[in-house]
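In what follows, a structure is listed as structure tokens, so that the remarks can point back to it.
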Amino acid sequence: MKHIPTRWVFHYTIAAILSLAALCTGCASQPNLSKNIEPKTLSFWKPHTLYLQSASADTLYVEIDAVQGSEPKDETIETLRQYLLQYCDKPGGIQIVRSAPIPLQDAQATRPELLALRHMDGPPAKNDAPAAYLYVLFYDSSELLGERYRQAVNPHAKLLPYPAAIYMDSRYIKKHNLTKYEGQLLLHEVGHIFGLTWGQKRGRDWYSHCQSKVCLMYETYRVNALPFRKDQQKLFCDLCKADLRQARQDQPDPRLRFIGPLMVRSEKDYHVISLPAFIKLHVGPLDSIDFYDVLEEARNEVQRLAAQPDTVAVIMGTDQTANTNQMALLRQAMEKAKNDPYHTVRLGVNAIKQQPMRQFNRNPNQEKIVSNWWRNR
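Residue 850, in my numbering, is where the sequence shown stops; the numbers in between run on with no holes.
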């Protein structure tokens, strides 16, 4: 029976332009990023348990990149280290790696996610122990292209589609004279990654930030101008600390894991692979995945199809060869993904299914790529 090479048989690409409220989260004080993600929309998974617990990964690998001139202070890194040691159960250890500064000539991009993808390396491929992964980018938004970046951008973590990256704009920090508080600003964003204020429901209401004005997770950071007054927002409040302790005891999400820098959510018949501004629906065993290949794929697709802010490139593919009968399994996976708990996946698959399938050339050395755009929904 003839086999059809299907590495890209199902290669559908979408640039999904969604509302800010549905796609990204930042701190409420930032112009143009003022709307937060609804915490309810995050309740379908628990990625923060990958960091706080040892069940899925007993080590934590933190990669820090910085554009030349935007490098974080040593005190900031040490503040981060102490925080991670205090709250993350990682018996295999916590490793923080600082890469060489990114030259200014390599720092131009249309969005921070592109810059992150371009320079993200991930943990060493030969890591024997499963590792949770966190990426932090210190950049200068004045080097970015696009009208949005005419203004400085508040430090933020976009919790969908990839709740494993933090973006720290040094121009914002310097503009607001917050260099002294760089460590606190970073910990606030790490708090979001670790599920604070969105992983749990507090009373009757859901919040994207803590309601206590003296908590590090409050929506704005207040700086005392008077030298004799202490800054109050250096620590988490008792309620946030209790949330972190509870999260360490919660049931881990068995669907989630990291493969290098890839965050993988396994559903029946398919896997959702996430990177900044990128989603891949993978059909087939996970042991066939080379994260370097997927990372390069994400760089190309996001640059080509999701270069603008608030867009996500979504593709579907398999690294396996498939005969005619096995093609039915791919279609079955698409049917299941139509009901995926993440709205971007659902919208993407539904848009894909509206397009007619092309017939594939019988020559196994040739492939027809079905590439569809979906815009302005």
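We treat Cβ as the ideally placed atom computed from N, Cα and C, and that holds for glycine.
Task: Close beta carbons around Lys519, own chain, < 6 Å, minus the five adjacent residues each side - done: Same-chain partners within the cutoff: Asp726.
Task: Limits of the alpha helix (DSSP H) - the one that Ala539 falls within - done: In the DSSP assignment, Ala539 falls outside any alpha helix (DSSP H) and within the unbroken beta strand (DSSP E) covering 532–539.
Task: Sequence ranges, beta strand (DSSP E) only - wholly within the segment 627–687, length at least 3 - done: As for any beta strand (DSSP E) of minimum length 3 sitting wholly inside the segment 627–687, the runs are 638–642, ordered along the chain.
Open item on the list: So, with DSSP's three-state summary, where would you put Gln578?
Closed with: Per DSSP, reduced to three states, the secondary structure at Gln578 is helical.
TODO: Please go through the segment 737–772 and give each complete alpha helix (DSSP H) segment of 4 or more residues, from N-terminal end onward.
DONE: Runs of alpha helix (DSSP H) with 4 or more residues, each lying fully within the segment 737–772, are absent.
TODO: Specify whether the segment 718–732 and the segment 682–693 touch according to this definition: at least 3 beta carbon pairs, one from each stretch, less than 8 Å apart.
DONE: No: the two stretches stay apart, fewer than three of their Cβ pairs being nearer than 8 Å.
- [ ] Following the continuous alpha helix (DSSP H) through Tyr560, name the residue where it begins and the one where it ends.
- [x] For Tyr560, the uninterrupted alpha helix (DSSP H) segment begins and ends at 547–560.
Task: Residue burial classification, Lys631 (beta-carbon count within 10 angstroms, cutoff 16) - done: Classification for Lys631: buried.
Open item on the list: Measuring only the C-alpha atoms, how far is Ile666 from Gln724?
Closed with: Each residue's alpha carbon lies about 18 Å from the other.
TODO: Go ahead and pull the three-state DSSP assignment for Gly566.
DONE: In the structure shown, Gly566 sits in a strand (DSSP, three-state: E or B).
Open item on the list: Along the chain, where does the beta strand (DSSP E) containing Arg730 start, and where does it finish?
Closed with: Here the beta strand (DSSP E) through Arg730 covers 729–732.
Task: Residue(s) in a DSSP beta bridge with Leu735 - done: The partner list for Leu735 (beta bridge, DSSP) reads Ile732.
Task: Cross-strand partners of Phe709 (DSSP beta bridge) - done: None; Phe709 has no bridge partner.
Task: Segment limits, alpha helix (DSSP H) that includes Tyr524 - done: Run containing Tyr524: 522–525, per the alpha helix (DSSP H) assignment.
Task: C-beta atoms of Leu689 and Gly664 nearer than 8 Å - done: Cβ atoms of Leu689 and Gly664: closer than 8 Å.
TODO: Indicate the three-state DSSP secondary structure (helix, strand or coil) for Tyr694 in the structure shown.
DONE: Secondary structure at Tyr694: coil, using DSSP grouped into helix, strand and coil.
TODO: Taking the CB atoms as reference points, tell me whether Arg804 and Asp813 lie closer together than 8 Å.
DONE: Contact flag unset, no.
Task: Burial state of Val609 (16 or more Cβ within 10 Å) - done: Buried, by the Cβ-count rule.
Open item on the list: Tell me which residues share the same chain as Lys546 and place their Cβ nearer than 7 Å to its Cβ, disregarding the 5 neighbours each side in the sequence.
Closed with: Same-chain partners within the cutoff: Glu655.
Task: Pairwise C-alpha distance: His661 and Ala806 - done: Going from the Cα of Ala806 to the Cα of His661 covers about 38 Å.
Task: 8 Å CB neighbourhood of Thr925 in its chain, flanking five on each side removed - done: The structure shown does not extend to residue 925, since the chain is modelled only from 474 through 850, so no value can be given for it.
Task: Proximal residues to Tyr560 (C-beta, below 6 Å), its chain only, five neighbours per side dropped - done: The answer, listed in chain order, is Leu717.
TODO: Compute the Euclidean distance between the alpha carbons of Leu496 and Ile646, then round it to the nearest angstrom.
DONE: With a pLDDT of only 26 at Leu496, under 50, the local geometry of the prediction cannot be trusted, and the value read off the model is given with reservation. Approximately 24 Å between the Cα atoms of the pair.
Open item on the list: Going by DSSP in three states, Met807 sits in which element: helix, strand or coil?
Closed with: It is helical.
Task: Cβ-based burial, Gly595 [other Cβ within 10 Å; buried from 16] - done: Here Gly595 is buried. Its C-beta has 16 or more other C-beta atoms within 10 Å.
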